[in-house]
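Scroll down for the structure; my scribbles are underneath it.
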Amino acid sequence: MGQVDLTGITKSFAKTVAVKDLTMTIPDGAFVVLLGPTGAGKTTTLRLIAGLEKPDAGTVMIEGREATGLTPAQRNVAMVFQQYSLYPHMTVRENLSFPLRSPLLNTPQAVIDEKVAHVAQTLQISDKLDNRVTALSGGEMQRVSIGRALVRNPSIFLMDEPLSSLDAKLRADLRVELKQISSKRGATILYVTHDQIEAMTMATHIGVLREGELVQFGPPRSIYESPNSIYVASRLGLPRINILPPQALGLSQAGVAYMGLRPEHIVQSRDQAGGHPARLQRIENLGDQIRLHLDLEGHELVTLAQMGKTYKVGEVLSITARHPLLFDVQGARVYQSEE
Amino acid sequence: MAEIVVENLHKAFGDFVAVRDSSFTVRSGEFFMLLGPSGCGKTTTLRMIAGLELPTSGRITIDGQEVTDKPAAKRDIAFVFQMFALYPHMNVYQNIAYPLVSQGVPKAQIKQRIEEVTQMLEITPVLRKSVSGLSAGDRQRVALARAIVRRAKAFMMDEPLGALDAEFREHMAQELRRLHDRIKATTVYVTHDQLEAMQMGDKIAVMNNAVVEQLGTPGDIYRKPASLFVAQFIGSPAMNLLPFEGAVVRGDTQVNLVDHCFTVPRQHANHRGPMVLGVRPEHVRLSAEGGLPAEVRAVEYLGTSQMITLASDHGLLRARMDAHVPIKVGDRPGLAFVAETISLFDAHTTRALPSDLNRESETYGTG
């Protein structure tokens, strides 16, 4: 396992700049999740490390070794894609053993058996080991392709939305498994996803990309609690952070154009002096959370219902802000002195 | 506006039964979700309502009129698919106008109706643009506009947001629901995404293996799952399920799992044999003393809340708690469950046992 350093990486496709002057260190043993909407440069970054793309400028170092000019095979990286690529004529066991059978590795059969059995157990496919992969469901095939990466011992695992095709229950199970694999084996992982729950729960570090640039890098908690822009703040949090003009809640401060409110920044009550009236437009019951859609004098505001309270559409709540995040007119964070 | 009544709808393709004996009513103006995993029969059900597929047996009425064997064109229904098919050689205006032109609606009226609908969907600025240059969101809006402009009796939507990325999908889901609140057209919407169903639906029919497992509001389906399938399919992560062997007697408010006793909603029937106790992650609490012994295996930070994975004698459990509750891997807390939220299931039939939780109306006679 090892550290990966990207320095000044730029990559364009025709007129589109996919990755722009990207400098990022993936520490040894870290689980780094790249977050950003479609087109932000996440997958391109992953492919640059894999050696599937060549940068126009900049260097890729893997375990302290310059890798920019190396082929994917020379880099000792293991990849898992959203679309599984398995050998259809082989069984699950043969597919999982395949990476270990390389003549270069010369792995003893007993070691192969043990690794395959272990990985199969982790991914809950032990009973499918002797099935042909063509007889598997989509979810099972994806687990086999994750398994095929896990039997190896690469410098870094590169994963591109590996869980997005699985159902919710399996996704939740595999999130915990992948996290344990990273912490127990000390594996270095770079992981691309759209799914903020995956990012929050698995990452040791999150890198937020915007139009090919790395705009913030840090532990999930700091990305969530102290985002440096509206863009970053909008990447994490369910429901999404509310962005309002500060005047909507009676705040005004020089240089502040927007106020960001997560549910924990919103104090609601029915008889609060000095609060701002917000009419309850819609109640959205998602089971584990109940979202309240409020109309605060023409601004839409989404927050969470408080435990044990009942609400009625049309009623008016009294709202105040508690330590909201503040932003300037460009959407950059304005830091408060008391924070 | 139209009520859709589906009675004993059945569809077989050769030996394969795609939809088995389904009955439900979509009320006028309702946003109705058909939810289930792939292959459960939800799309076939939708296609039968739309008239794109004929049922093997059963009956469909729209607005009081039987339409079971009527072709799609005679049903006055608008369809929105996952891959929003727009005519690439026409501009936005022509795309939206097309269904009206082919119906022979006078030009002046077409213009007025398009103005109305494009304002509602905020696509007026792109009206004269070619559809090939549009963003994904605008393409979706044009497809919706084309469906809405017809003023059909009902809308059928087959995973219309399926191809979008998570962030944009959430945005469009809200937009779609807001639109529904304005035009209040009866909508039947197919999805495999439980969150989407919970978020947008007035009512959800959860389908599995060709049958409707449960029909209800999002809140009811979440709180009172009628079967083990629903308990696992709805909610992320799923409901915790603890299998046990035992007996309950009508009126019981406690069950024993091996050496641990749990308070449960009052039971309405006798049952003996293998059962399953179900509790949602947010109803698992740390108890100050006693409780079910468990060890913390993983803590997942989620911002407002955190997800705790715990190992117990009854398998792995998940608990959702406020993010500020101090807890770490290796801790050995005792667990308590919020009694009035617990469901019991018959392990053989997989159906929920009747109790105060899911039979409130029976208990209190309020219907």
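First to last, the protein sequences are chains X and B.
Using my numbering, you'd call the opening residue of the first sequence number 1 and step up by one each time.
Using my numbering, you'd call the opening residue of the second sequence number 1001 and step up by one each time.
For every residue, glycine included, the Cβ atom is placed at its ideal position computed from N, Cα and C.
Here the structure is a predicted model, which means the values were calculated and not measured.
(request) Under 8 Å Cβ to Cβ from X:Thr71, same chain only, skipping five residues before and after it: list those, please. (result) Gly51
(request) Using a Cβ cut-off of 8 Å (strictly closer), state whether X:His194 contacts chain B. (result) yes
(message) Strictly below 9 Å CB to CB, what residues from chain A border B:Met1198?
(response) Of the protein chains in this structure, namely X and B, none is chain A.
(request) Determine whether the Cβ of B:Gly1315 lies closer than 8 Å to any Cβ atom of chain X. (result) no
(message) Is it buried or exposed, X:Thr310, if we count other Cβ atoms within 10 angstroms and call 16 or more buried?
(response) exposed
(request) Please name the residue, chosen from B:Phe1081, B:Glu1213, B:Leu1257 and B:Glu1295, that lies closest to B:Ser1227 on a Cα-to-Cα basis. (result) B:Glu1213
(message) Between X:His276, X:Gln268, X:Val151 and X:Tyr87, which has its C-alpha nearest X:Pro246's C-alpha?
(response) X:His276
(message) Quick check: the region 1078–1096 of chain B against the region 1156–1163 of chain B, are at least 3 beta-carbon pairs closer than 8 Å?
(response) yes
(message) Here's the rule: buried if 16 or more other CB atoms are within 10 angstroms of the residue's CB, otherwise exposed. What is B:Leu1054?
(response) exposed
(message) I'd like the list of long-range same chain contacts for X:Pro88, defined as Cβ closer than 7 Å, with 5 residues on each side in sequence excluded.
(response) Val133 and Thr134
(request) For B:His1324, count neighbouring C-beta atoms within 10 Å of its own C-beta (all shown protein chains included) and say buried if the count is 16 or more, exposed if not. (result) exposed
(request) Would you give the residue range spanned by the beta strand (DSSP E) that B:Val1279 belongs to? (result) His1271 to Val1279
(request) Determine the direct distance from the alpha carbon of B:Ala1247 to that of B:Asp1346, and round the result to whole angstroms. (result) 11 Å
(request) Can you check the region 180–230 of chain X for any alpha helix (DSSP H) of at least 4 residues that lies completely inside it and give the ranges in chain order? (result) 196–202 and 220–225
(request) Count the other C-beta atoms from every protein chain shown that fall within 10 angstroms of the C-beta of X:Gly147, then say buried if there are 16 or more, exposed otherwise. (result) buried
(request) Could you tell me the boundaries of the beta strand (DSSP E) in which B:Pro1293 lies? (result) Leu1292 to Tyr1301
(request) Mind checking the region 1187–1213 of chain B against chain X and listing, in chain order, the residues whose C-beta falls within less than 7 Å of any C-beta there? (result) Gln1194, Leu1195, Met1198 and Gln1199
(message) Do X:Thr188 and X:Gly2 count as a contact pair if the criterion is CB distance below 8 Å?
(response) yes
(request) State the DSSP-derived secondary structure class of B:Gly1367, mapped to helix, strand or coil. (result) With a pLDDT of only 27 at B:Gly1367, under the threshold of 50, the placement of this residue in the model should not be trusted; the figure read from the coordinates follows. In the structure shown, B:Gly1367 sits in coil (DSSP, three-state: anything other than H, G, I, E or B).
(request) Please compile the residues from chain B whose C-beta is within a distance smaller than 9 Å of the C-beta of X:Arg279. (result) The premise fails here: X:Arg279 is roughly 14 Å from chain B at the closest Cβ pair, so nothing lies under 9 Å.
(message) Helix, strand or coil, according to DSSP, for B:Ala1226 in the structure here?
(response) coil
(request) For chain B, find out if any of its Cβ atoms is closer than 8 Å to the Cβ of X:Thr91; answer yes or no. (result) no
(request) Could you spell out where the beta strand (DSSP E) holding X:Lys309 opens and where it closes? (result) No beta strand (DSSP E) contains X:Lys309, which DSSP labels as neither H nor E.
(request) Name, going along the chain, the residues of the region 1132–1143 of chain B whose beta-carbon falls closer than 9 Å to a beta-carbon of chain X. (result) Ala1136
(message) So if I threshold CB-CB distances at 9 Å, which residues from the region 1230–1243 of chain B count as touching chain X?
(response) Gln1232, Phe1233, Ile1234, Gly1235, Ser1236, Pro1237 and Ala1238
(request) State the start and end residues of the unbroken beta strand (DSSP E) segment that holds B:Glu1213. (result) Val1211 to Gly1216
(request) Would you mind sorting X:Phe13 into buried or exposed? The rule is 16 or more other CB atoms within 10 Å of its CB. (result) exposed
(request) State yes or no: is the beta carbon of X:Ala321 nearer than 8 Å to at least one beta carbon in chain B? (result) no
(message) So B:Gly1216 contacts chain X; which residues on that side make the cut at Cβ distance below 7 Å?
(response) What B:Gly1216 touches in chain X: nothing, since even the nearest Cβ is about 11 Å away.
(message) Which of the three DSSP states is assigned to X:Glu339 in this structure?
(response) Low per-residue confidence applies at X:Glu339: pLDDT is 45, beneath 50, and the placement is therefore not dependable, though the value from the model is reported in the following sentence. Coil, per DSSP.
(message) Looking only at its chain, what residues have a beta carbon closer than 6 Å to the beta carbon of B:Ala1298, apart from the 5 residues adjacent to it on each side?
(response) Thr1309
(message) To the nearest angstrom, how far is the alpha carbon of B:Tyr1364 from that of B:Arg1266?
(response) Low confidence applies to B:Tyr1364: its pLDDT is 34, below 50, so where it sits in the model is not reliable enough to give any reading.
(message) Three or more C-beta pairs under 8 Å: does that hold for the region 289–303 of chain X against the region 259–278 of chain X?
(response) yes
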